[in-house]
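Each residue of the sequence shown is one higher than the last, beginning at 25 in the working numbering. Where is the CB? At the ideal position from N, CA and C, for every residue including glycine.
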Amino acid sequence: MVLRLYEGVAEEVTAAQLGLTPDRVRTLCDRAVAELGSRPGAAPGPRPDARRKEAA
Numbered sequence: 025m026v027l028r029l030y031e032g033v034a035e036e037v038t039a040a041q042l043g044l045t046p047d048r049v050r051t052l053c054d055r056a057v058a059e060l061g062s063r064p065g066a067a068p069g070p071r072p073d074a075r076r077k078e079a080a
């Protein structure tokens with residue numbers, strides 16, 4: 025999740041680093057995002073790149 029969503033690393037690169045297929049990385053990220061979004065009281069926070077811009 026960190027590589028894909030926070031760092032913006034491509035699926036193919038993430039898959040190679042983890043020893044998985046790109047389809048598996050996509051599936052895992054999709055499931056994780058769905059799980060986090062379905063939790064009660066879960067509100068989306070600012071995007072990581074928005075925080076970087078605010079700090080500058």
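- Excluding residues up to 5 positions away in sequence, 25 lie with their Cβ nearer than 7 Å to the Cβ of residue 56 in the same chain.
- In the structure shown, residue 34 adopts coil according to DSSP, grouped into three states.
- Bounds of the alpha helix (DSSP H) holding residue 61 are 46-61.
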